[in-house]
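Okay, structure first, notes after.
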Amino acid sequence: MGKFTCYSSSFYTIKTNQQTNNRKPKTGILMLNMGGPEKLEDVHDFLLRLFMDTDLMKLPVQSKLGPFIAKRRTPKIQEQYSKIGGGSPIKHWTSMQGEGMVKLLDEMSPETAPHKFYIGFRYVKPLTEEAIEEMERDGVERAVAFTQYPQYSCSTTGSSLNAIYRYYSNRGDRPKMRWSVIDRWPTHPLLVECFAEHVRNELLKFPEEKRDDVVILFSAHSLPMAVVNRGDPYPQEVGATVQRVMERLGHCNPYRLVWQSRVGPMQWLGPQTDDVIKGLCERGKKNLLLVPIAFTSDHIETLHELDIEYGQVLGEECGVENIKRAESLNGNPLFMKALADLVNTHLKSNEACSRQLTLRCPLCTNPTCGETKAFFASQPTT
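For the sequence shown, the tail end lands on 1604 under our numbering, and the numbers increase by one without skipping.
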């Protein structure tokens, strides 16, 4: 049956940031992500910030409805976190990945060293704004906003970049650091190789006589169709990652791109992961491999939604023969090398941002997006 490993929360509360270099950092890399509550008592504040983020979602009377939804959903989400060890491991994995990245960067690019990573989460501490303050206190000269979402969406990377812009806009201040941004990297060769490696490893765990019949389901967080129809590039970038991974695997198995984590009654990008599992089982395809393709480390959507809800509960209901989940990238040294290569190449390019970042969604309704893009595009390059 499915893989549904649970982890002890005490393991994830160990201090993992071992940056011991006391030299003033020359280059700071701000690792941007949504974050996740480390303890059950953090869940409410996490949800409150999430449902109050107008870049992520727009709700009617959001100042009242957001807190109401957060309070109502807290017990259910706390129960889910209790089943995966009592908290999210995303900070642990981000710290480990950051450590490996800056160690490699100091060797690869001594002219921009010392390098120091900072974690900037959107909905839990350390918040993006707190990380910027720390970077300023450290006297960082060059700051790289490095999204940890390989595929760009206005709802994820866009929200984090807007938070950086608002930090300075709200203070009416100019940055003391020279900012640049790595806003997407869906087809980076080492990222593709990491995913392919993890798929290969998991395929080997299926019975040999069933291996060729395994259907690979690449699962990514879904988006409301209202966001997609504004021109958000996320679906095509996720598709690009999947295509490159399957090319690397020599198209060894049949596959589909599926979408998870839909909430609410609105129309979302599909097909949904759970519906596809049911449909395949009904058609006799009962050996399935789930691959989290838009996540670079374990969190609630891999450990609970994929492993427990789908791999354990739904798999049993549907009568699957074998359902497994490819390991997330987590502490893979090759992934740390990918991160370091991305930053090193970016630093040497001397570009403030990609040309793709400067293009707003054709039907964008958020004026802050344009201001944020202009902010990064106008950063000095020397």
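For glycine and all other residues, C-beta sits at the position ideal for the given N, C-alpha and C.
### Query
What whole-angstrom Cβ distance do Val1436 and Asn1475 have, given they're in contact under 8 Å?
The count along the sequence shown starts at 1 and reaches residue 1436 at position 214. The count along the sequence shown starts at 1 and reaches residue 1475 at position 253. The pair is a contact, with the Cβ atoms about 5 Å apart (cut-off 8 Å).
(message) Assess contact between the segment 1570-1587 and the segment 1401-1416, defined as three or more Cβ pairs (one per stretch) separated by less than 8 Å. Is contact present?
(response) Judged by pairs of C-beta atoms under 8 Å, the segment 1570-1587 touches the segment 1401-1416, as three or more such pairs exist.
- Query: Distance, Cα to Cα, Pro1247 vs Glu1356?
  - Reply: Walking along the sequence shown from the start, residue 1247 turns up at place 25. Walking along the sequence shown from the start, residue 1356 turns up at place 134. Their backbone Cα atoms lie some 11 Å apart in a straight line.
*C-beta atoms of Ser1375 and Arg1344 nearer than 8 Å*: Taking the first residue of the sequence shown as 1, we reach residue 1375 at position 153. Taking the first residue of the sequence shown as 1, we reach residue 1344 at position 122. No, Cβ-Cβ distance for Ser1375 and Arg1344 is not below 8 Å.
By how many angstroms is the C-alpha of Val1346 removed from the C-alpha of Phe1268?
Your numbering for residue 1268 matches position 46 in the sequence shown. Your numbering for residue 1346 matches position 124 in the sequence shown. Roughly 6 Å separates the two Cα atoms.
query: Helix, strand or coil for Gln1489 per DSSP?
result: By one-based count along the sequence shown, residue 1489 stands at place 267. The answer is coil: DSSP assigns Gln1489 none of H, G, I, E or B.
- Close beta carbons around His1337, own chain, < 7 Å, minus the five adjacent residues each side: As a working note, residue 1337 is residue 115 in the sequence shown. Closer than 7 Å at the Cβ level, and outside the excluded window around His1337, lie Pro1247, Thr1249, Ile1251, Val1324, Leu1327 and Asp1328.
> Under a three-way DSSP split, which group does Ser1441 fall into?
Replying inline: For the purposes of this step, residue 1441 is taken as residue 219 along the sequence shown, with counting starting at 1. Correct three-state label for Ser1441: strand.
Exercise for review: Indicate whether Val1460 and Leu1439 have their beta-carbon atoms separated by less than 8 Å.
Suggested key: In the sequence shown, residue 1460 corresponds to position 238, counting from 1. In the sequence shown, residue 1439 corresponds to position 217, counting from 1. No, they are not a contact pair.
Say whether the segment 1502-1514 touches the segment 1446-1453, bearing in mind that this needs 3 or more beta-carbon pairs closer than 8 Å, one atom from each stretch. no
Would you report the Cα separation of His1266 and Glu1333, rounded to the nearest angstrom? The residue given as residue 1266 occupies position 44 in the sequence shown. The residue given as residue 1333 occupies position 111 in the sequence shown. In a straight line, the C-alpha of His1266 is about 44 Å away from that of Glu1333.
* Asked: Given that a residue counts as buried once 16 or more other Cβ atoms are within 10 Å of its Cβ, and exposed if not, what is Glu1263?
  -> Locating residue 1263 in the sequence shown gives position 41, where the first residue counts as 1. Looking at its Cβ environment, which holds fewer than 16 other Cβ atoms inside 10 Å, Glu1263 is exposed.
Under the rule that 16 or more other beta-carbon atoms within 10 Å means buried, what is Met1447, buried or exposed? As a first step, residue 1447 must be located in the sequence shown, where it is residue number 225. It is exposed - the Cβ of Met1447 has fewer than 16 other Cβ atoms within 10 Å.
Item to complete: Give the straight-line distance between the Cα atoms of Leu1413 and Gly1322, rounded to the nearest whole angstrom.
Response: As a working mapping, residue 1413 is identified with position 191 in the sequence shown. As a working mapping, residue 1322 is identified with position 100 in the sequence shown. Going from the Cα of Leu1413 to the Cα of Gly1322 covers about 15 Å.
Spatial distance of Arg1364 from Arg1582 (CA atoms)
By one-based count along the sequence shown, residue 1364 stands at place 142. By one-based count along the sequence shown, residue 1582 stands at place 360. One Cα belongs to Arg1364, the other to Arg1582, and the distance between them is close to 25 Å.
Hey, how far is the Cα of Ile1299 from the Cα of Phe1290?
Reading the sequence shown from its first residue, position 77 is the one you call residue 1299. Reading the sequence shown from its first residue, position 68 is the one you call residue 1290. Distance between the alpha carbons of Ile1299 and Phe1290: 14 Å.
Practice problem: Out of His1410, Leu1270 and Ser1310, point me to the one whose CA is closest to Gly1258's CA. | Solution: Along the sequence shown, read from residue 1 onward, the residue named residue 1258 stands at position 36. Minimum Cα distance to Gly1258 is reached at Ser1310.
Practice item. Buried or exposed for Met1488, please, with buried defined as at least 16 other CB atoms from any protein chain shown within 10 angstroms of its CB. Key: Looking up residue 1488 in the sequence shown gives position 266. Burial state of Met1488 is exposed, judged by a 10 Å Cβ sphere holding fewer than 16 other Cβ atoms.
Is DSSP giving His1410 helix, strand or coil here? Start at 1 with the first residue of the sequence shown, and residue 1410 comes out as number 188. His1410: coil per DSSP, three-state reduction.
Discussion item. Along the chain, where does the alpha helix (DSSP H) containing Ile1354 start, and where does it finish?
Written reply: In the sequence shown, the residue the question calls residue 1354 occupies position 132. Segment Thr1350 to Asp1360, the alpha helix (DSSP H) holding Ile1354.
**Message:** I need the boundaries of the beta strand (DSSP E) containing His1526, first residue and last residue.
**Reply:** Residue numbering aside, residue 1526 sits at position 304 when the sequence shown is read from its first letter. Here His1526 belongs to no beta strand (DSSP E), and DSSP marks it neither H nor E.
- Three or more C-beta pairs closer than 8 Å, one from the segment 1280-1294 and one from the segment 1533-1541: is that the case here? no
(message) What does the Cβ neighbour count give for Asn1255, buried or exposed, with the cut at 16 atoms within 10 Å?
(response) Indexing the sequence shown from 1 puts residue 1255 at position 33. Buried, by the Cβ-count rule.
Thinking C-beta only, is Trp1315 closer than 8 Å to Asn1509?
Taking the first residue of the sequence shown as position 1, residue 1509 is located at position 287. Taking the first residue of the sequence shown as position 1, residue 1315 is located at position 93. For Asn1509 and Trp1315, no; Cβs fall outside 8 Å.
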